[in-house]
Ligand SMILES: Cc1cc2nc3c(=O)[nH]c(=O)nc-3n(C[C@H](O)[C@H](O)[C@H](O)COP(=O)(O)O)c2cc1C
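Spelled out as structure tokens, the structure:
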């Protein structure tokens with residue numbers, strides 16, 4: 010069997026650095042990891058970090074150089090066995106639930122038919138907001154698997170729900186979907 014490929018979506022959360030831990034753990038299991046970062050995510054973590062760790066280019070933009078005839082979101086779709094968005098912002102959940110495709114990550118998300126995992130991270134008020142909870146319900150009904158968020162220490166808050174799930178749990182969920190033990 011060819012090497013399985015996980016598209017690792019990274020969005021603009023303070024927890025973005027943990028995507029590097031997730032990428033590294035998946036690589037150790039023989040998974041090809043291709044990172045797609047939103048513009049906001051690149052404010053939190055440099056693409057070069059994920060490129061070095063994954064040994065793959067990191068995709069941050071919708072529009073590929075002119076010599077590439079296939080749009081990037083289509084070539085990524087064709088490569089992916091699984092999409093894992095970790096951390097996933099409230100904004101990304103809202104866009105995916107609404108079918109919005111205004112950047113590379115959201116365009117790829119609505120182009121894939123492979124399993125999708127979301128690992129949200131946000132403050133507790135954002136998580137409990139009725140809009141976020143409605144988006145969660147919509148996405149779960151469409152088959153998206155949610156890992157977390159967990160309760161624990163949050164930036165600017167006391168202990169509450171909203172922390173990114175333990176990277177080990179996110180990696181385990183990816184491996185299970187890929188059938189890797
Ligand atoms: C310091 C800082 C931390 C943030 N952390 C989060 C977060 O953990 N979760 C979240 O949903 N939004 C967070 N945001 C807000 C998002 O970055 C913002 O909604 C952005 O538009 C998300 O874009 P994206 O979904 O395209 O990555 C944070 C913003 C700042 C300035």
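Residue numbers (my numbering): 10 to 190. Every residue, glycine too, gets a C-beta built ideally from N, C-alpha and C.
Suppose the cutoff is 6 Å on Cβ atoms and the five residues either side in sequence are ignored; what does the same chain contact list for residue i look like?
{"i": "residue 40", "result": "13 and 15"}
{"i": "residue 127", "result": "94, 97, 153 and 155"}
{"i": "residue 160", "result": "170"}
{"i": "residue 124", "result": "91 and 186"}
For residue i and residue j, what's the separation of their Cα atoms in angstroms?
{"i": "residue 157", "j": "residue 179", "result": "9 Å"}
{"i": "residue 17", "j": "residue 167", "result": "29 Å"}
{"i": "residue 154", "j": "residue 130", "result": "15 Å"}
{"i": "residue 26", "j": "residue 71", "result": "22 Å"}
{"i": "residue 83", "j": "residue 175", "result": "31 Å"}
{"i": "residue 186", "j": "residue 63", "result": "20 Å"}
{"i": "residue 107", "j": "residue 138", "result": "16 Å"}
{"i": "residue 59", "j": "residue 91", "result": "18 Å"}
{"i": "residue 11", "j": "residue 133", "result": "41 Å"}
{"i": "residue 181", "j": "residue 43", "result": "18 Å"}
Per the DSSP calculation, residue i is bridged to which residue(s)?
{"i": "residue 68", "result": "45"}
{"i": "residue 97", "result": "129"}
{"i": "residue 161", "result": "169"}
Quick one: residues in its chain with C-beta nearer than 8 Å to the C-beta of residue i, no 5 flanking neighbours on either side, listed in chain order?
{"i": "residue 135", "result": "99, 141 and 171"}
Please go through the same chain and pick out, in chain order, the residues whose beta-carbon is closer than 7 Å to the beta-carbon of residue i, but skip the five residues on each side of it.
{"i": "residue 183", "result": "15, 35, 91, 93 and 126"}
Practice task
Go through the residues and name those whose CB comes closer than 5 Å to any heavy atom of ligand 1, in chain order.
Solution key: Result (chain order): 20, 21, 22, 23, 47, 49, 98, 99, 100, 101, 130 and 131.
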